[in-house]
Each structure stands twice: as C-alpha cells, then as structure tokens.
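Residue numbers (the working numbering): -17 to 707.
From the three backbone atoms N, C-alpha and C, an ideal C-beta is built for every residue, glycine too.
Below: one structure, written as structure tokens.
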C-alpha cells in the first residue's frame, strides 16, 4: 500500500493540472463562440489557446496514466497479500514445529527466529524503495497502524494463527496481531514467559509472588537455571531477610501467641501472621515441663519431647509440627497467607507511632496490628544473685525447654537437689523429682517460707494435707524457711537459713514466681500496672488502638473481679484467642473466667478458677473419693492431658443438683478425697477450687459470673455432684 501511496503522490499534481486544462478546452469546443463564459485568469491553467488536437492528446495521456497506475496498484496489492499469507503460513508452521520439540529448543532457536523476522522485514522496504526512498522498515508498521484502518479490517481471518505463536509478535507488520496481543498478557505469563528470556526477568522483578509460583513449573527444563541466575540478584538477598512488613505481628512465641495466631487465621483465612520469639523452639505447651515429661519411661524424652498423658496416650509438647508453619521469608509471597515463626530473635524496641519494631540485630519490621505476648521471666532470690558465678552456675531458673533438659541431665549426675519455693511449680517439681528418687539415690529437698505446700492458695488444713502428700513422694520438706545466704564450698552449695539451719546440696532450683516481661514498655510508652505488674489493658485486652496484650504479661480488667493478672496456661489460651479475635475486629470483652490446675502426680490434682487466695475466708465441702476421682481418670474421660484445652467459654445454664443428701461440712477431716472449696469476698464467691473434681468447670464459672450471695454453700456444692459414687 505504501507503493500505491508513493505513486499517487507523484501523479496527483499532473492529474489535477490536466483535468483543469481538459475542462476548459471542452467548454471552448462544445459551446458557441458567443456563449463562452469568461473565467478569471487566476482560475485558468497556463497553455496555448485553441487547438482541439492537443486536448485529445492530454485526455489520452491522463487515461493511460490512470490505467497504468490502477494496474500497478492491483499487482502491488495482490503481491503484498500473497507475501503476507506466506508469512502467516510460515509462522504457523514454525510454532507447530516448536510445540513438537523439547522445551529447550525454542529458547535456543529464538535468536535465529528474531534474525529471520528481521531479514523478512527487509525485502519489503527494498521493494518499496523502487518508487521512492522512504523511511526504514521499523516506522512503516507504525504508519500503517495509524493510516490504514481499512486494511486491518480485511485481516481478521489471518489473525488466529498469530495467537498460536505469540513469541513472534514483534516481527508481524499487521496491526491486528498487535491489537490482539494487548489483552492477552494476563493469561500468557505461565506458558509464554517461560520461553522468552527478555520478558521473564521483568515478570520476576515486578511481582515476587508470580516468580515464586512460576519457579516450580520451570524446574524440569534446562533453561530454568538461566532464569534463576538472572533474578538471583534479587532473590538471594530476599531469602536472607525477614519480612519488612506483616499485617499481624505477634511478639512472643508462647501459648498466647499461638492461640492468637490460630484465632486470627480462623477469622481471616488469608491472614499473614509473623511470630517473633527469642527462643529457638516453635510454640509449645509449658505444663508438661513440670508434670508428665518427668514421668516418662523413654530415656530419650529430652530429645523427642513426647510424653504420655495420665491416660497412657502419647503426644508431643509442640502445638503443631514444623510443617504447619511457613518460612518467614516466604510470608510475603504466600498466596493464602499462613503463620511464620522467626526464632532466636528478640524485639528490643517498639515504635508505636510508626507501627514498627526493631529486633536485636537492628532489623525493622512494620505491622498493621501487633500483639504483645512476651510472658514472663523466672524470679530469682537476691541472695543467689549476689552469691557469685559459682552459685549461679549451680542454680536453675525453671521456665523453658532448655531448663527441663538441663535439670534432667543435672539430676542424673548429682546426689542432692534443693527446690526453693512452695507454689505450683515448686510442688510439682518436688513430686516429680521425688518419684525419681525412688529409682536412684537422689535426695530431693523442698523449702519455702509458708507453713505448707501451696500455702498462699490452699486453706491451711488442705495445705498441710498436701505437704504430707509431697513427703510421701520421697521429698524432704523444710517449712517456714527463709534463705539468708548461699555459698559454694568444696563444690557443694550451703544454704544458710535465717533461723540458723544449714542445708547442703549439689544444685538449686529457684521456683519463687514469675516476673512479667515488660521490657518494651519504655520504648512503646505503654503503662505498667504498679500493683500487679504487666501491661495495663482494657477489657478488650487492648493497650492502644492497634496493640493488644495477652498471657502472663497482660494486666487486664476483669468485668466481674476487677483488675487482675493471671499466670496460667488456660488464661494464655483464652486471652490469646480473644486478642486474636479482637485484632480482626471482634471487639469482645474478656468476660471468660480462665481456670488453672495442678497435679501432684497421677492420683491427686485440682482445678481452680477466680481469685483463690488463702487470706480470704474459705468454705470447703468434701466427700469420699473413688477410683474415678483422680487426674488419671479425668484424662481418660476427656482424652487430653492438658485439661484446659478442652475448656470453652460456655457456662452451665441449668445445672442439676445431686439428689444424694450431703453430709455436714467438715473442714478438718484428715482424708480429703474430693471436694469443693469456695473463696469469699464480701460474702460473695470469687474463687472456687475443685479438689479431685473434674469436668465441672462451667458450673463454677456460672457461680462466679452470677456474683450472688449464698446462704448455704452446702447446697451450692450439690451442683457439682460430689456426693455421687
């Protein structure tokens, strides 16, 4: 068509001039002499006047020129169409041949294909150059795209083969193939981008997720290493870096964080959650560290961290296996989101206004919403901290998996161990190690300032009974013991008490409580409660508009019992779960009363709820226990050793009281088989302990939630059916 255009440009002036002359001459010859109109000189063409023979010559010349131009244009158009059809057929055959060859063939043959397309484009401008020297071949398609819409309308039938061979789109002169290629890129990257080296780096450098999705499909072909090499500059550093931003950031890798992550994913299935923990382990449950793991018969329990529940079923200490989580560097590109755990990293600074944190390696991570679940650190006695390195090296602060492994190894190679502390942890470890003392010559000593085990929680009579139980386990108990000093002499530790008693031992386990970890309070500007410790949060566990706190580090407002801070497994589960829901927009208050439990071996255990403080007035109702009233039997019935995991937020709406008549309340009976202990404040029940009574916690929750005065707690005890055999 360009040839026709060039010819027309040359013939147009001649045609216009000749047509003007012809019109004037025809008028002169055909009209009478008297009727010839006067035409202005400016409108007449130059030439001799008169002479009709010359006019006929002009007419013949114009006719011949038009006829020759038409013939030339027809042959040119026909030849162009034939060459175009040949090009299309060649492209189609080339794409079919590439489909039958190996994947490596198209890539290796691409440079020749490009050269071929270039050489095929050259003859066209050469043939066009005969009429007149025009621009080079690349601008020609652009001119045709803009100036020849009628031609593109004639080519739709030939466009279909072009779709089959998208790699050759750059070599096609017609406009129609280019128009069809514009909407197709969204569906092309998977098949076409893998065979074209130039587009592949562009696709991988723009969306990381697309590159990650394409790489598995490109593994079999040999060209894949070349693609990786091209993008390796970007991907290699990315694999060594943690995500710079995460929608949900959970600080701490304990029970509360895991419960929150599970809750977030339940409400937002595509959520991307990043857990940052300074421990080297994935989230795990802590209660078995002081309970079931010590009763395992497996000599490799410190490596497997698998234990048998009281009912004999085996399970792992970890909440989920490693396959449950995704790698932190893959979190950004995870199409369906997931939970990633960044282990061995500690958050040392928090910028609340900038919504970002800084790790101990100077890495910064920004977030949309953040949960602080840093838990706590074990307290130590000041006399031990001041005693020097020799004493501290022989002291264990029991909290983590490493502490369990270390203490297990130590107690197998020494002759004496002393546990300082009479609370939950100290009493559980004393019973566990006491059981081990029956199999070895290990001496187990427990000392505490109270009059009996768990003296701050249990009523005095029940505390004394518990102390006797611990003694029967093979533990030497020293009550009302206040440590004055600790020294190391002859590789032995000497514990000097304030009353003059001296205790010699090989190792000390300090179980004197937990200090909430509030290291981020200063940099984050968060309020720490002066009475209970921990971050002060509202009933929704919120410290700021986009910051929540759960677990041991949260000092929350209990809508029934007031400001509290709880250090138990079930509270970590429930508060973490609620915080996760609120992070996704639930806005629920923390009205659930979490429970806690303690087992002194497989035969004696209790579950508690609310405020259980031995300084409060208590009323206990007891009954004779049976073989079903033990922690072992409870786990056999519930199917889990972590009883609080089966707890829900449901409360008993219509408990059925036992029809068996209750005996008179006896608080000083020597045999406390099973029973219920009520803790009162202003004549209202604020705490309940179920002693060897299991699976009755919803009833206890309802009693505390109602907050009513009860004239006869013996009748209330009937709701727990403790008098049934």
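Beta carbon of residue 425, beta carbon of residue 458: below 8 Å?
The count along the chain shown starts at 1 and reaches residue 425 at position 443. The count along the chain shown starts at 1 and reaches residue 458 at position 476. Their beta carbons are under 8 Å apart, which means residue 425 touches residue 458 by this criterion.
With distances taken from CA atoms, which of 276, 261 and 265 is nearest residue 327?
The residue labelled residue 327 in the question sits at position 345 within the chain shown. Minimum Cα distance to residue 327 is reached at 261.
In this structure, how does DSSP classify residue 690 when only helix, strand and coil are distinguished?
Locating residue 690 in the chain shown gives position 708, where the first residue counts as 1. Residue state, collapsed to three classes: coil.
To the nearest angstrom, report how far apart residue 679 and residue 512 are at their CA atoms.
Counting from one through the chain shown, the residue named residue 679 turns up at place 697. Counting from one through the chain shown, the residue named residue 512 turns up at place 530. Residue 679 and residue 512: Cα-Cα distance of roughly 31 Å.
Contact belief for residue 533 with residue 357 at Cβ below 8 Å, rounded distance in angstroms:
Residue mapping note: residue 533 aligns to position 551 of the chain shown, counting from 1. Residue mapping note: residue 357 aligns to position 375 of the chain shown, counting from 1. The pair is a contact, with the Cβ atoms about 6 Å apart (cut-off 8 Å).
Got a sec, what are the start and stop residues for the alpha helix (DSSP H) residue 552 sits in?
Numbered from its first residue, the chain shown carries residue 552 at position 570. Element bounds for residue 552: 551 to 565.
Alpha-carbon to alpha-carbon, residue 528 and residue 308
Within the chain shown, residue 308 is the residue found at index 326, counting from 1. Within the chain shown, residue 528 is the residue found at index 546, counting from 1. If I take the Cα positions, the gap works out to 25 Å.
Can you tell me whether residue 501 is helix, strand or coil according to DSSP?
If you number the chain shown from 1, residue 501 lands on position 519. Of the three classes helix, strand and coil, the one that applies to residue 501 here is coil, per DSSP.
According to DSSP, is residue 704 helix, strand or coil?
Here residue 704 refers to the residue found at position 722 of the chain shown. Residue state, collapsed to three classes: coil.
Between residue 323 and residue 415, which are expected to be in contact by the criterion C-beta below 8 Å, what is the C-beta distance as a whole number of angstroms?
Mapped onto the chain shown, residue 323 falls at position 341. Mapped onto the chain shown, residue 415 falls at position 433. So it is not a contact: roughly 32 Å between Cβ atoms.
Under 7 Å Cβ to Cβ from residue 236, same chain only, skipping five residues before and after it: list those, please.
Here residue 236 is taken as the residue at index 254 of the chain shown, counted from 1. Result list for residue 236: 265, 355, 357, 533 and 554, in chain order.
How many Å lie between residue 437 and residue 248 at the Cα?
As a position in the chain shown, residue 437 is number 455, starting the count at 1. As a position in the chain shown, residue 248 is number 266, starting the count at 1. In a straight line, the C-alpha of residue 437 is about 41 Å away from that of residue 248.
Closest by CA to residue 331, which one among 346, 321, 319 and 325?
For this step, residue 331 is matched to residue 349 along the chain shown. Of 346, 321, 319 and 325, the residue nearest in Cα terms is 346.
Where do the N-terminal and C-terminal ends of the beta strand (DSSP E) with residue 232 fall, by residue?
The residue you call residue 232 lines up with position 250 of the chain shown. Here the beta strand (DSSP E) through residue 232 covers 227 to 233.
What's the C-alpha gap between residue 474 and residue 491?
Here residue 474 is taken as the residue at index 492 of the chain shown, counted from 1. Here residue 491 is taken as the residue at index 509 of the chain shown, counted from 1. The straight-line gap from Cα to Cα measures roughly 14 Å.
Residue 666 and residue 691 - do their beta-carbons sit closer together than 8 Å?
In the chain shown, counting from the first residue as 1, residue 691 sits at position 709. In the chain shown, counting from the first residue as 1, residue 666 sits at position 684. Yes; because the gap between Cβ atoms is below 8 Å, this pair is in contact.
In whole angstroms, what is the alpha-carbon distance linking residue 486 and residue 548?
Along the chain shown, one-based indexing puts residue 486 at 504. Along the chain shown, one-based indexing puts residue 548 at 566. For residue 486 and residue 548, the distance between alpha carbons rounds to 35 Å.
Residue 351 by DSSP, collapsed to three states: which one?
Locating residue 351 in the chain shown gives position 369, counting from the first residue. Note: residue 351 maps to strand in three-state DSSP.
If you count every other CB in all the chains shown that lies within 10 Å of the CB of residue 375, and 16 or more means buried, which is it?
Here residue 375 corresponds to residue number 393 of the chain shown, with the count starting at 1. Exposed: under 16 other Cβ atoms inside 10 Å.
Tell me the DSSP secondary structure of residue 409 in three-state form.
Along the chain shown, one-based indexing puts residue 409 at 427. In this structure, residue 409 counts as helix in the three-state DSSP scheme.
Which two residues bound the contiguous beta strand (DSSP E) that contains residue 287?
Position 305 of the chain shown, counting from 1, holds the residue named residue 287. Residue 287 -> no beta strand (DSSP E), and no H or E assigned at all.
Are there 16 or more other CB atoms within 10 angstroms of the CB of residue 551, so buried, or fewer, so exposed?
On the chain shown, position 569 is the one that residue 551 refers to. The residue is buried, with at least 16 neighbouring Cβ atoms inside 10 Å.
Excluding five sequence neighbours on each side, which residues of the same chain lie with their C-beta closer than 8 Å to the C-beta of residue 378?
Sequence index remark: in the chain shown, residue 378 carries index 396 (1-based). Here the set comprises 385, 388, 389, 392, 489, 490, 491 and 492.
Euclidean distance between Cα positions of residue 335 and residue 526:
Taking the first residue of the chain shown as 1, we reach residue 335 at position 353. Taking the first residue of the chain shown as 1, we reach residue 526 at position 544. Distance between the alpha carbons of residue 335 and residue 526: 10 Å.
Using the three-state DSSP reduction, which class does residue 369 fall into: helix, strand or coil?
Mapped onto the chain shown, residue 369 falls at position 387. If DSSP states are grouped into helix, strand and coil, residue 369 belongs with coil.
Excluding the 5 residues flanking residue 435 on each side, which residues of the same chain have their C-beta closer than 7 Å to its C-beta?
For this step, residue 435 is matched to residue 453 along the chain shown. 404, 409, 445, 448, 449 and 452.
Who does residue 333 pair with in a DSSP beta bridge?
Along the chain shown, one-based indexing puts residue 333 at 351. DSSP lists 338 as partners of residue 333.
Tell me whether the beta-carbon of residue 380 lies closer than 8 Å to the beta-carbon of residue 407.
Residue numbering aside, residue 380 sits at position 398 when the chain shown is read from its first letter. Residue numbering aside, residue 407 sits at position 425 when the chain shown is read from its first letter. Cβ atoms of residue 380 and residue 407: closer than 8 Å.
Within the same chain, show all residues whose beta-carbon is closer than 6 Å to that of residue 461, passing over the 5 residues directly before and after it, in chain order.
As a first step, residue 461 must be located in the chain shown, where it is residue number 479. For residue 461, where only same-chain residues beyond five positions count, the Cβ hits under 6 Å are 433.
What are the boundary residues of the beta strand (DSSP E) that residue 545 is part of?
By one-based count along the chain shown, residue 545 stands at place 563. Segment 544 to 546, the beta strand (DSSP E) holding residue 545.
Beta-bridge partners of residue 360, as assigned by DSSP
Counting from one through the chain shown, the residue named residue 360 turns up at place 378. Paired residues: 496.
Cβ pair residue 290, residue 581 closer than 8 Å:
As a position in the chain shown, residue 290 is number 308, starting the count at 1. As a position in the chain shown, residue 581 is number 599, starting the count at 1. Contact: no.
Taking just the CA atoms, how far does residue 329 sit from residue 579?
On the chain shown, residue 579 is found 597 positions in, with the first residue counted as 1. On the chain shown, residue 329 is found 347 positions in, with the first residue counted as 1. One C-alpha to the other measures close to 31 Å.
Alpha helix (DSSP H) segment containing residue 453, residue limits:
To locate residue 453, count along the chain shown from 1; it is residue 471. First-last of the alpha helix (DSSP H) with residue 453: 442 to 454.
May I have the straight-line CA-CA distance separating residue 243 from residue 483, to the nearest angstrom?
Translated into positions along the chain shown, residue 243 becomes position 261. Translated into positions along the chain shown, residue 483 becomes position 501. Residue 243 and residue 483: Cα-Cα distance of roughly 50 Å.
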